[in-house]
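Worksheet for the structure shown next.
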Amino acid sequence: MVDLTRKSYYSVDIPSDTLRAFIGGRGLAAKLLWDLNQPGVNPLSPENHLIFAVGPLTGYPVPSSGKMLIASKSPLTGGYGDGNIGTRAAVEMRKTGYDAIVVKGASDKPTVLFITCKSVEFHDAEDLWGKGTRETEKKLKERFGSDVSVLSIGPAGENKVLYATVISEHGRSGGRPGMGAVMGSKKLKAVVFKGCEMPEPSNKRELLKAATEAYNFLKSAPAYEFWVRQGTMGTIVWSQKNSALPTYNFREAVFDDYEGISGDIMEKMKVASGACPMCNMPCRNYVEYSINGTKDVAEPDYENVAMLGSNIGIGNLAEVSHLNNVIDDYGMDTISTGNVLGYVMELSEKKLIKDYTLEWGDFRKALEAVKMIALREGFGNLMADGVMRLSRYVGGEAQDFAMHVKGLEISAYDCHAAPGMALAYGTSSIGAHHKDAWFISLEINMGRDLYNEEKPRRLVLMQNIRGGLFESFVSCRLPWVELGLDIQNYVRFIRAATGVDFTWDELMTVAQRIYSLVRAFWVREFKAEGKSWGRYMDIPPARWFKEPLTKGPLSGAKVDFNGYNFMLDKYYELRGWNSEGIPKKETLEKLGLDYVASTLYG
3 MVDLTRKSYY SVDIPSDTLR AFIGGRGLAA KLLWDLNQPG VNPLSPENHL
53 IFAVGPLTGY PVPSSGKMLI ASKSPLTGGY GDGNIGTRAA VEMRKTGYDA
103 IVVKGASDKP TVLFITCKSV EFHDAEDLWG KGTRETEKKL KERFGSDVSV
153 LSIGPAGENK VLYATVISEH GRSGGRPGMG AVMGSKKLKA VVFKGCEMPE
203 PSNKRELLKA ATEAYNFLKS APAYEFWVRQ GTMGTIVWSQ KNSALPTYNF
253 REAVFDDYEG ISGDIMEKMK VASGACPMCN MPCRNYVEYS INGTKDVAEP
303 DYENVAMLGS NIGIGNLAEV SHLNNVIDDY GMDTISTGNV LGYVMELSEK
353 KLIKDYTLEW GDFRKALEAV KMIALREGFG NLMADGVMRL SRYVGGEAQD
403 FAMHVKGLEI SAYDCHAAPG MALAYGTSSI GAHHKDAWFI SLEINMGRDL
453 YNEEKPRRLV LMQNIRGGLF ESFVSCRLPW VELGLDIQNY VRFIRAATGV
503 DFTWDELMTV AQRIYSLVRA FWVREFKAEG KSWGRYMDIP PARWFKEPLT
553 KGPLSGAKVD FNGYNFMLDK YYELRGWNSE GIPKKETLEK LGLDYVASTL
603 YG
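Using the working numbering, you'd call the opening residue of the sequence shown number 3 and step up by one each time.
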């Protein structure tokens, strides 16, 4: 526990039964936030806790285990917020011996935490305040040594942009729901890690055996070569072909100029590849581009390219890459930024705002808008609060095409013709994000126009695996998702790492426990703040129900409202929640969350 107000810290042992019940990562973070945060706390107040967490697989030689999680009460949504990040900092944190670092209070001046296996030091960061994340990381490595790892915020976090993120290694970003703003509110400019030794796994021989088999499988997978060439950028063409590419603020799902931002174009610009720690299926693509004769290198991936490309009408990968770089340096979420820009472009097109204009495809003006957002200048001050609040400011019909769920801007999959994916967005733990369930790939094979019980059943399973287990292990889901690594490998990994003889059914119960705890956190916070909670919180934007697609092979498609609600009812039944999406008392008690039940039900 680190107290920034008092400049003090202390360590406590986490009970083994807590780790068995919540594993680590998201599960542990949710448990800590429930226990430590006072209900209704202001997310940007010193009393809100910020948590950096690793999991029992983090840093071990297991496929793609170089991840950590950052969590807090979200200033963007008012509910539970987190994000994972693939970075060497995850490994270094694990090597300090801490499963979680909980930060409370607020410093009276900009501060850097330097955390090792021996101590936590508080360093002045006034010289870094106002600096971008690139320069910040460079200077901190000069100060503490090239072998340290850094998590930092940029001006957006300092200015409490509500979708400010935490950045590492220039292009690694985590914490979409405003974890960077929480750091900024505490005047915490950066956390620097320098570890000592990895903790020994319970059964090292078995862990290495299982991991070696998994690594070998991945390299021999049929999709490996294409994945290494394009990574997530191959999804641009896939989404275009499947009418899922967000275009003009999710008004359409195909983009005329998609080839200009595709994985094929990326390959022509590519100068290097990279991977997160412990990963042998590298998906980091580094491209060189030139804007006004100035060269730079960026790390585009599907989400940021779609949201800063097709969603705002830009079909030039160099321009998209530059926007991505600038946004990362300011320390903002590229997905939410692209969503906000697209929303303002549509507001301008429809003449619903008078004091600012932004046209589709205007790269220069978009670049200016990014700066305005990060520094909260002019109309950028409104944009910095996200689509939900901006739509309330404008009012009227503008709220129908504000593309968010629970306040978190939707990531890069249009759902006019994907009701199951719309349900995934509607029920995601943090708001509209694909991390918990990339359901659209499965839905295309199941039948996109179907509204049945099977979709919510498969969705719950997918969320339990992705959002419950992978986010708590903390490990990347892509070996399983993209190259077909059998999910049962992770049962072997977790048993060997922890010495706990988990069964698959027990892990599924853990995942259910985490989902119900996170949902209960949302409900508790809303009730404490005097806000209503109901199933409307799990309903995606009106646009997908009211406005059919007009272009592409699925022209005319839209989500059926009654069909969606049928699936939402089935989803609630499977979760053991009531018709308003609140975990039932008996569900909480069955999951060992009696203390949660007593809070919600007395």
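Ideal Cβ placement from N, Cα and C applies to all residues, glycine included.
Contact check for lysine 33 against asparagine 50 fails: the beta carbons are separated by 9 Å or more. Between serine 109 and lysine 560, the alpha-carbon positions lie close to 49 Å from each other. Closest in C-alpha terms to leucine 71, from the list Asn86, Gly81, Asn383, comes Asn86.
Of the other Cβ atoms in all chains shown, fewer than 16 fall within 10 Å of the Cβ of methionine 448; this residue is therefore exposed. Per the Cβ contact rule, the stretch 531–551 is in contact with the stretch 397–410 (3 or more Cβ pairs under 8 Å).
The residues Pro248, Gly340, Gly344, in chain order, have a CB closer than 6 Å to that of asparagine 313 in the same chain once the five nearest residues on each side in sequence are set aside. Note that the C-beta distance between leucine 319 and isoleucine 375 is not below 9 Å. Beyond the five residues adjoining it in sequence on each side, phenylalanine 504 comes within less than 7 Å, by CB distance, of Val493, Ile496, Arg497 in the same chain, given in chain order. For phenylalanine 116, the uninterrupted beta strand (DSSP E) segment begins and ends at 113–118. Between arginine 28 and glycine 295, the alpha-carbon positions lie close to 44 Å from each other.
With fewer than 16 other Cβ atoms inside 10 Å of its own Cβ, arginine 366 counts as exposed. For the alpha helix (DSSP H) assignment, the uninterrupted runs of no fewer than 4 residues enclosed by the stretch 442–476 are, from N- to C-terminal side, 442–448, 456–465. Tryptophan 506 is classed as exposed because its beta carbon has fewer than 16 other beta carbons within 10 Å across all chains shown. The three-state secondary structure of methionine 374, taken from DSSP, is helix. In this structure, the straight-line span from the alpha carbon of glycine 80 to that of asparagine 564 is close to 28 Å. By the Cβ neighbour-count rule, valine 476 is buried, with 16 or more other Cβ atoms within 10 Å of its own. In this chain, the alpha helix (DSSP H) harbouring histidine 324 covers 319–332. Look at tryptophan 546 here: in three-state DSSP terms it is helix. Contact check for alanine 212 against valine 64 passes: the beta carbons are separated by less than 9 Å. Comparing alpha-carbon positions, the option among Leu59, Leu480, Tyr291, Glu139 lying closest to aspartate 149 turns out to be Glu139. Under the 8 Å Cβ criterion, the stretch 36–45 counts as touching the stretch 515–528, having at least three qualifying pairs.
For phenylalanine 24, the secondary structure class from DSSP, reduced to helix, strand or coil, is helix. Around the beta carbon of cysteine 198, fewer than 16 other beta carbons lie within 10 angstroms, which makes this residue exposed. When secondary structure is reduced to three states using DSSP, isoleucine 355 falls in the coil class, being assigned neither helix nor strand. Between the C-alpha atoms of valine 598 and asparagine 287 there is a straight-line separation of about 44 Å. Here threonine 113 is not near aspartate 129, since their CB atoms are 9 Å or more apart. Classified as buried, arginine 174 has 16 or more neighbouring CB atoms from the shown chains inside 10 Å of its CB. Pairing threonine 589 with histidine 172, the inter-Cα distance amounts to about 43 Å. Annotated as distal: alanine 23 and valine 56, with beta-carbon spacing of 9 Å or more.
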